[in-house]
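Peer 1:
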Amino acid sequence: MHAIEKLLAKKAGKSSVKTGEIINCEVDMAGINDLYLQTLRSFFEMGGKRVHDPSRVIMFLDHYAPASTITQAANQKQFREFCWDQGIDLLMDIDQGVCHQVLADKGLAYPGEIVVITDSHTTTHGAFGAFGTGVGATDLAIILATGKLWFRVPEIIKINFEGKLPKGVYAKDAILHAIGELGADYAVYKAVEFAGSMLTHLSISERMALCNMSTEMGAKTSYIQPDVITMAFLKEKVTRPYEIYHTDEDFEYAAEVTFDVSKLTPQLAAPSSVDNVYDVSQFIGRHIDQAYLGSCTGGRAEDIGIAAKILSGKKVAPRTRFVIVPASKGVLLEAMEKGYVQTLVEAGATFVTPGCAACLGTHEGMIASGETCITTTNRNFPGRMGDTKAEIFLGSPAAVAAAALMGEIVDPRDYI
Amino acid sequence: MQKVLNGNTYVFGNNIDTDQIYPGRFVEFTDVEDVAKYAMFGADPDFTKKVKKGDFIVAGTNFGCGSSREHAAITLKAVGVGAIIAESFARIFYRNAINLGLPLIVCPNIAKMIQTGDSLTLDLHSGKIKNEKGLIATAEPMSEYVLNILESGGIKPLIKQQLEAQNNV
Numbered sequence: 001m002h003a004i005e006k007l008l009a010k011k012a013g014k015s016s017v018k019t020g021e022i023i024n025c026e027v028d029m030a031g032i033n034d035l036y037l038q039t040l041r042s043f044f045e046m047g048g049k050r051v052h053d054p055s056r057v058i059m060f061l062d063h064y065a066p067a068s069t070i071t072q073a074a075n076q077k078q079f080r081e082f083c084w085d086q087g088i089d090l091l092m093d094i095d096q097g098v099c100h101q102v103l104a105d106k107g108l109a110y111p112g113e114i115v116v117i118t119d120s121h122t123t124t125h126g127a128f129g130a131f132g133t134g135v136g137a138t139d140l141a142i143i144l145a146t147g148k149l150w151f152r153v154p155e156i157i158k159i160n161f162e163g164k165l166p167k168g169v170y171a172k173d174a175i176l177h178a179i180g181e182l183g184a185d186y187a188v189y190k191a192v193e194f195a196g197s198m199l200t201h202l203s204i205s206e207r208m209a210l211c212n213m214s215t216e217m218g219a220k221t222s223y224i225q226p227d228v229i230t231m232a233f234l235k236e237k238v239t240r241p242y243e244i245y246h247t248d249e250d251f252e253y254a255a256e257v258t259f260d261v262s263k264l265t266p267q268l269a270a271p272s273s274v275d276n277v278y279d280v281s282q283f284i285g286r287h288i289d290q291a292y293l294g295s296c297t298g299g300r301a302e303d304i305g306i307a308a309k310i311l312s313g314k315k316v317a318p319r320t321r322f323v324i325v326p327a328s329k330g331v332l333l334e335a336m337e338k339g340y341v342q343t344l345v346e347a348g349a350t351f352v353t354p355g356c357a358a359c360l361g362t363h364e365g366m367i368a369s370g371e372t373c374i375t376t377t378n379r380n381f382p383g384r385m386g387d388t389k390a391e392i393f394l395g396s397p398a399a400v401a402a403a404a405l406m407g408e409i410v411d412p413r414d415y416i
Numbered sequence: 417m418q419k420v421l422n423g424n425t426y427v428f429g430n431n432i433d434t435d436q437i438y439p440g441r442f443v444e445f446t447d448v449e450d451v452a453k454y455a456m457f458g459a460d461p462d463f464t465k466k467v468k469k470g471d472f473i474v475a476g477t478n479f480g481c482g483s484s485r486e487h488a489a490i491t492l493k494a495v496g497v498g499a500i501i502a503e504s505f506a507r508i509f510y511r512n513a514i515n516l517g518l519p520l521i522v523c524p525n526i527a528k529m530i531q532t533g534d535s536l537t538l539d540l541h542s543g544k545i546k547n548e549k550g551l552i553a554t555a556e557p558m559s560e561y562v563l564n565i566l567e568s569g570g571i572k573p574l575i576k577q578q579l580e581a582q583n584n585v
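Order-wise, the sequence lines are chains A and B.
According to this note's numbering, the residues represented by the first sequence are 1 to 416, in order.
According to this note's numbering, the residues represented by the second sequence are 417 to 585, in order.
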């Protein structure tokens with residue numbers, strides 16, 4: 001069996017599972033975010049009265065942090081009251097940041113865990129050897145009511161990244177390249193394991209970006225076998241006991257693909273789908289109205305550090321805005337401590353509250369019709385960050401910061 | 417649940433994401449009457465004016481990709497879409513729609529066979545899809561697990577029964 005299958009079997013109380021089987025698993029951590037008041041409605045519509053286990057529920061007020069409309073404020077109020085009524089202590093209010101980063105910061109993402117959140121990018125937690133998957137409001141309400149959820153045991157695909165990333169090229173470029181080659185629906189319903197020698201040089205921050213973006217090829221979950229890098233991170237953060245599973249040597253993957261990243265160039269996903277990927281050279285000179293660095297994909301301290309290095313002592317281009325959204329409070333504190341915030345604000349960047357912000361086109365950095373944005377986020381669908389006639393390019397933090405500096409798309413390797 | 421459905425079709429392409437089905441800026445609305453106003457707004461802002469109860473959406477691959485927002489399934493059910501027939505569906509959208517009792521039918525190449533405005537008959541059990549001239553395609557069979565949820569009118573009544581049974585033990 002694969003490590004993922006062993007994990008699922010354990011949580012379903014079975015000795016083994018097979019692909020395609022439908023199993024009912026105990027969920028270790030169920031997260032709700034503030035977009036989905038429907039979760040609470042579905043809970044009550046199903047006759048729910050008390051949450052099955054409040055200690056395994058976490059509430060994130062991240063997508064609308066802080067509320068910018070009366071409706072958002074009213075929704076957040078109901079979430080807070082629900083937590084207080086139900087004894088849910090893990091209420092992550094508007095100061096905390098994006099759910100996935102908050103889980104990592106607080107040591108709540110760890111090997112062997114099943115973590116289910118009402119957020120499609122819950123695949124991020126594969127970076128810790130957890131089984132993370134996104135669901136809708138009603139599925140999450142079922143976990144609130146019963147502590148369990150049904151899953152179909154997925155086929156598992158292995159994607160190997162071999163070689164060391166060249167300077168100025170990042171995990172974001174590697175995963176965009178893979179999605180461009182394989183397609184936005186390559187891994188629908190399937191689990192994706194990332195492996196290969198690239199990972200031996202890859203920080204937790206970059207691994208999270210990789211696993212996060214597996215959602216954009218349709219993956220149900222992703223997985224990186226925990227190693228020394230994982231263990232060093234967990235040692236600092238995680239106090240709970242956890243179990244690391246290993247894949248049997250004779251396990252047969254549904255598919256295996258290998259990419260050589262040793263000569264990879266910076267990549268961009270062009271409007272308006274994540275698999276519309278080209279070499280950055282195709283778009284050099286394209287005017288940028290807004291550069292945006294943030295989100296659960298590309299808003300970590302390392303990412304902000306790359307931008308600070310590129311913009312240190314310089315200014316954002318006059319006809320360009322540079323919006324920076326730290327993924328979490330922990331990220332913001334680290335960016336302040338390391339002086340990145342000072343550098344970037346002096347350079348003309350605009351910092352907004354840790355959270356999801358304009359990544360999903362709700363507030364804090366929306367873009368107008370006819371504008372072009374380059375961003376470290378995860379989706380460039382029509383209307384994703386504002387008007388449907390705005391254009392969005394996805395790239396690495398260096399590609400975004402270099403574009404903010406020059407006011408147009410440039411090759412970030414020239415600015416590192 | 418009605419086993420044989422009839423309706424007119426609206427055809428969309430590949431990778432229709434949840435931002436096109438229900439744009440992010442409207443996610444703060446939670447009452448179904450409000451959610452119903454923006455169905456397919458990002459792909460066709462006039463869709464809600466045209467769609468009639470029982471109509472089908474036909475699409476290419478990966479329909480519903482993107483966000484986990486249940487609004488995308490809620491809005492299509494609320495405007496009366498009878499079923500969605502696509503070449504494939506994104507996973508979270510699939511679960512959300514089935515949980516609500518909105519039938520999703522997987523049928524290879526369907527988007528290439530049908531044009532907006534075509535009138536179709538869909539048999540949910542046999543998967544047979546017919547137009548005025550006769551059988552045009554047979555969809556992939558739904559799993560028993562999924563059929564059971566649909567026939568129960570969505571997952572909420574099933575969980576409700578389960579919770580009531582536990583409370584009565």
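C-beta: ideal position from N, C-alpha, C; glycine also.
Would DSSP call V352 of chain A helix, strand or coil?
Peer 2: If DSSP states are grouped into helix, strand and coil, V352 of chain A belongs with coil.
Peer 1: Opposite D539 of chain B in the DSSP bridges: which residues?
Peer 2: D539 of chain B is bridged to B:V420.
Peer 1: Note down the Cα distance separating L538 of chain B from K546 of chain B, rounded to an integer number of angstroms.
Peer 2: Roughly 7 Å between the two C-alpha positions.
Peer 1: Beta carbons nearer than 7 Å to chain B: which residues of the segment 379-393 of chain A have them?
Peer 2: Flagged, chain order: R379, F381, P382, G383, R384 and T388.
Peer 1: For H63 of chain A, count the other beta carbons within 10 Å of its own beta carbon; 16 or more makes it buried, fewer makes it exposed. Which is it?
Peer 2: Burial call: buried.
Peer 1: Have a look at B:G423, B:D447 and B:N525 and flag the residue whose alpha-carbon is nearest the alpha-carbon of A502 of chain B.
Peer 2: Nearest option by C-alpha distance: B:N525.
Peer 1: Below 8 Å on C-beta distance, what does K220 of chain A contact in chain B?
Peer 2: The contacting residues are R507.
Peer 1: Nearest CA to the CA of T123 of chain A: which residue from A:E181, A:G218 and A:E81?
Peer 2: T123 of chain A has its Cα closest to that of A:G218, out of A:E181, A:G218 and A:E81.
Peer 1: Residues of chain B with CB closer than 7 Å to the CB of Y189 of chain A, please, in chain order.
Peer 2: Residues of chain B passing the Cβ test: R507.
Peer 1: Within 10 angstroms of the Cβ of K389 of chain A, are there 16 or more other Cβ atoms? Answer buried if so, exposed if not.
Peer 2: With fewer than 16 Cβ atoms within 10 Å of its Cβ, K389 of chain A is classed as exposed.
Peer 1: According to the Cβ coordinates, are I409 of chain A and F259 of chain A closer than 8 Å?
Peer 2: Against a cut-off of 8 Å, the Cβ pair of F259 of chain A and I409 of chain A comes out as no contact.
Peer 1: Note down, in chain order, every chain A residue with its Cβ under 8 Å from the Cβ of Y561 of chain B.
Peer 2: Chain A residues near Y561 of chain B: I22 and W150.
Peer 1: Answer yes or no: does any C-beta atom of chain A fall closer than 8 Å to that of I575 of chain B?
Peer 2: So yes, I575 of chain B belongs to the interface.
Peer 1: Which one of A:K49, A:I204 and A:S197 has the shortest CA to CA distance from V261 of chain A?
Peer 2: Ranking the options by Cα distance to V261 of chain A, first place goes to A:S197.
Peer 1: Is there a C-beta anywhere in chain B that falls below 8 Å from the one on I142 of chain A?
Peer 2: Taking Cβ atoms only, chain B reaches closer than 8 Å to I142 of chain A, which makes this a yes.
Peer 1: With F472 of chain B as the anchor, note down where its beta strand (DSSP E) starts and where it stops.
Peer 2: Per DSSP, F472 of chain B belongs to the beta strand (DSSP E) from F472 to A475.
Peer 1: Can you check which of these residues, B:F442, B:I521 and B:G498, is closest to E486 of chain B by C-alpha distance?
Peer 2: The option with the nearest alpha carbon to E486 of chain B is B:F442.
Peer 1: Under 6 Å Cβ to Cβ from A358 of chain A, same chain only, skipping five residues before and after it: list those, please.
Peer 2: Result list for A358 of chain A: E364, G365, M366 and M385, in chain order.
Peer 1: Which class does A219 of chain A belong to by DSSP, given the choice of helix, strand or coil?
Peer 2: Of the three classes helix, strand and coil, the one that applies to A219 of chain A here is coil, per DSSP.
Peer 1: Quick check on the DSSP output: the alpha helix (DSSP H) that includes M92 of chain A runs from which residue to which?
Peer 2: No alpha helix (DSSP H) holds M92 of chain A; the beta strand (DSSP E) holding it covers L90 to M92.
Peer 1: From the DSSP output, in three-state form, read off H177 of chain A for me.
Peer 2: Correct three-state label for H177 of chain A: helix.
Peer 1: Should N75 of chain A go down as buried or exposed, given a rule of 16 or more other Cβ atoms within 10 Å for buried?
Peer 2: Buried: at least 16 other Cβ atoms inside 10 Å.
Peer 1: Using the DSSP secondary-structure output, state which residues sit across from W150 of chain A in a beta bridge.
Peer 2: According to DSSP, which records beta bridges pairwise, W150 of chain A is partnered with A:N24.
Peer 1: Give the secondary structure of L264 of chain A by DSSP, where H, G and I count as helix, E and B as strand, and everything else as coil.
Peer 2: Here L264 of chain A sits in coil by DSSP.
Peer 1: I believe D93 of chain A touches P266 of chain A by the beta-carbon criterion, under 8 Å. Please report the beta-carbon distance rounded to the nearest angstrom.
Peer 2: D93 of chain A to P266 of chain A, Cβ: 37 Å. No contact.
Peer 1: Within 8 Å of any Cβ in chain A, is that where the Cβ of E444 of chain B sits?
Peer 2: Taking Cβ atoms only, chain A reaches closer than 8 Å to E444 of chain B, which makes this a yes.
Peer 1: If you measure between the beta carbons of V153 of chain A and G132 of chain A, is that distance less than 8 Å?
Peer 2: Contact flag unset, no.
Peer 1: For H420 of chain A versus G107 of chain A, is the C-beta distance shorter than 8 Å?
Peer 2: Because chain A here runs from 1 to 416, residue 420 of chain A falls outside it and cannot be looked at.
Peer 1: Please classify R321 of chain A: does DSSP put it in a helix, a strand, or coil?
Peer 2: DSSP places R321 of chain A in strand when its eight states are reduced to three.
Peer 1: Along chain A, which residues have their Cβ under 7 Å away from the Cβ of G482 of chain B?
Peer 2: The contacting residues are S120, R379 and F381.
Peer 1: Compare the C-beta of G136 of chain A against all C-beta atoms of chain B and say whether one is closer than 8 Å.
Peer 2: Output row for G136 of chain A: interface = yes.
Peer 1: Just by C-beta distance, which residues in the segment 426-445 of chain B are closer than 9 Å to chain A?
Peer 2: The residues in question are N430, N431, D433, T434, D435, Q436, P439, G440, R441, V443, E444 and F445.
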